[in-house]
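The structure appears below as structure tokens.
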Amino acid sequence: MVENTNAVKFNFSLNGRLLVVVPLVLLIGLIVMLVCNHYDEFTWDGFVSGFDQELVVFFAIGVFAQLVDGTLGMGYGATSSSFLLAYGISPAISSTGVHVAEMFTTGASAISHHKFGNINKKLLKNLLIPGVIGSITGAYLLSDVIDGDVIKPFIAVYMMILAVVIVIKATRKNITKKKTKKLGILAIFGGFMDSVGGGGWGPIVTSTLLGRGRNPRYTIGSVNAAEFAVSFASGITFMLFGGIQGWQVILGLILGGVIAAPLAAYLVNKIQRKPMMIVVGILIIVLSLKTLSKYF
Numbered sequence: 105m106v107e108n109t110n111a112v113k114f115n116f117s118l119n120g121r122l123l124v125v126v127p128l129v130l131l132i133g134l135i136v137m138l139v140c141n142h143y144d145e146f147t148w149d150g151f152v153s154g155f156d157q158e159l160v161v162f163f164a165i166g167v168f169a170q171l172v173d174g175t176l177g178m179g180y181g182a183t184s185s186s187f188l189l190a191y192g193i194s195p196a197i198s199s200t201g202v203h204v205a206e207m208f209t210t211g212a213s214a215i216s217h218h219k220f221g222n223i224n225k226k227l228l229k230n231l232l233i234p235g236v237i238g239s240i241t242g243a244y245l246l247s248d249v250i251d252g253d254v255i256k257p258f259i260a261v262y263m264m265i266l267a268v269v270i271v272i273k274a275t276r277k278n279i280t281k282k283k284t285k286k287l288g289i290l291a292i293f294g295g296f297m298d299s300v301g302g303g304g305w306g307p308i309v310t311s312t313l314l315g316r317g318r319n320p321r322y323t324i325g326s327v328n329a330a331e332f333a334v335s336f337a338s339g340i341t342f343m344l345f346g347g348i349q350g351w352q353v354i355l356g357l358i359l360g361g362v363i364a365a366p367l368a369a370y371l372v373n374k375i376q377r378k379p380m381m382i383v384v385g386i387l388i389i390v391l392s393l394k395t396l397s398k399y400f
């Protein structure tokens, strides 16, 4: 009996360490790869020449988007992509920037949620592989098949739909807990739409699970942890097939997101979620309408 108890404790300890070590190793490897492949841009002269007010804008977007995502379990991609599209960034650069940045921000978020005990390991495992499959498929299509400028207005409409979903979920009352079926299909769809649209993993996956009455704390923590693998897979796919463009967007989002991630994980049980969800939803709708107005 004692041996079984010790084995269980060792297993939980090992899983906990993996949730911290794996993101750190992957992120260090990614940093090395980026520096080696883009050495000129990472030199001091390259950094200073590229530093202007736009980097500050992207940094602010990164902070706000991560605070939204880390506390609500949704909205990083939708929020940051809506701001970037409204600012005039192309869909391909926007989506690439968001997902490469999310490699770092979701890694920091996963570690932070683990530290605060917000992760359900069983739910995390069920979402992980299907989400990665969906994200790789979507990233490949956007990088090598779909014309980003053509689908830009459709992405704006998609963002508005996500915003409406967020607002509706915020206004629902007395949610009865129901068993969630077909988690794999949900994760595949969420990962695919997240890559193509530059956001959607949280609004699709988190809102569905919360709508089924799941515990907000563990749902948000687990979905955010799974998002690290989803973002890493799509980011690598974008880099392989489309290369790295818009490093200022990436750097600004990374710095803002990594700084905000621990604060967001701490605030997940401290804030009033419904009012914030409504505000975020309305903000995304306004930004998407601004993007659409350029086409009419």
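If you read the sequence shown in this note's numbering, its first letter stands for residue 105, the second for the next number, and so on.
A virtual CB, placed ideally from N, CA and C, is assigned to each residue, including glycine.
To the nearest angstrom, how far is the alpha carbon of V334 from that of M380?
25 Å
L245 to A330, Cα distance in whole Å?
One C-alpha to the other measures close to 22 Å.
Quick one, are the C-beta atoms of S247 and S299 less than 7 Å apart?
Between S247 and S299, the C-beta gap is not smaller than 7 Å, which leaves the two residues out of contact.
When you compare the segment 165 to 182 with the segment 360 to 368, are there three or more beta-carbon pairs, one atom per stretch, that lie closer than 8 Å?
yes
Buried or exposed by the 16-neighbour rule on C-beta atoms within 10 Å, applied to V390
exposed
Please confirm whether I308 and G294 have their CB atoms less than 7 Å apart.
yes
Using only the alpha-carbon positions, how far apart do I354 and A205 sit?
5 Å
Distance between beta carbons of N328 and H217, contact taken as under 8 Å:
6 Å
Endpoints, the alpha helix (DSSP H) within which Q352 is located:
Element bounds for Q352: 351 to 371.
Quick check on R276: buried or exposed, where buried means 16 or more other Cβ atoms within 10 Å of its Cβ?
exposed
Residue ranges of each beta strand (DSSP E) within the segment 190 to 226, 3 or longer
none
Quick check on the DSSP output: the alpha helix (DSSP H) that includes M297 runs from which residue to which?
From DSSP, the alpha helix (DSSP H) with M297 extends over 287 to 301.
Any chain C beta carbon closer than 7 Å to L228:
The structure shown contains no chain C, having only a single protein chain.
To the nearest angstrom, report how far apart I237 and R377 are at their CA atoms.
30 Å
At least 3 beta-carbon pairs within less than 8 Å: the segment 258 to 271 vs the segment 217 to 226
no
Taking the straight line between their C-alpha atoms, what separation do you get for T241 and I382?
31 Å
Out of curiosity, what's the CA-to-CA distance linking G350 and A196?
10 Å
Do V362 and F162 have their CB atoms nearer than 7 Å?
Note that the C-beta distance between V362 and F162 is not below 7 Å.
Tell whether a beta-carbon distance below 7 Å holds between A291 and G235.
yes
Between the Cα of A243 and those of L189, L188, T200, spot the shortest distance and give me the residue it belongs to.
Per the C-alpha coordinates, the member of L189, L188, T200 positioned closest to A243 is T200.
Quick one: residues in its chain with C-beta nearer than 8 Å to the C-beta of K394, no 5 flanking neighbours on either side, listed in chain order?
Within the same chain, K394 has close Cβ partners A190.
C-alpha gap between A267 and G385, whole angstroms
4 Å
Thinking C-beta only, is G360 closer than 7 Å to G166?
yes
To the nearest angstrom, how far is it from the Cα of I265 to the Cα of F296?
16 Å
For Y322, which residues from the same chain have a beta carbon less than 8 Å from its beta carbon, with the 5 sequence-adjacent residues on both sides left out?
N222, I223, N224, L227
According to DSSP, simplified to helix, strand and coil, what is T109?
Legend: pLDDT at T109 = 44, less than 50; position of this residue unreliable, value from coordinates given subsequently. Helix, per DSSP.
For A164, count neighbouring C-beta atoms within 10 Å of its own C-beta (all shown protein chains included) and say buried if the count is 16 or more, exposed if not.
An exposed status is given to A164, since fewer than 16 other beta-carbon atoms sit within 10 Å of its beta-carbon.
For the segment 167 to 191, which segments carrying the alpha helix (DSSP H) assignment without a break, of at least 4 residues, lie completely within its bounds, in sequence order?
180 to 191, all fully within the segment 167 to 191.
Is the beta carbon of L159 less than 7 Å from the beta carbon of G356?
yes
Between S311 and V269, is the Cβ-Cβ spacing less than 7 Å?
yes
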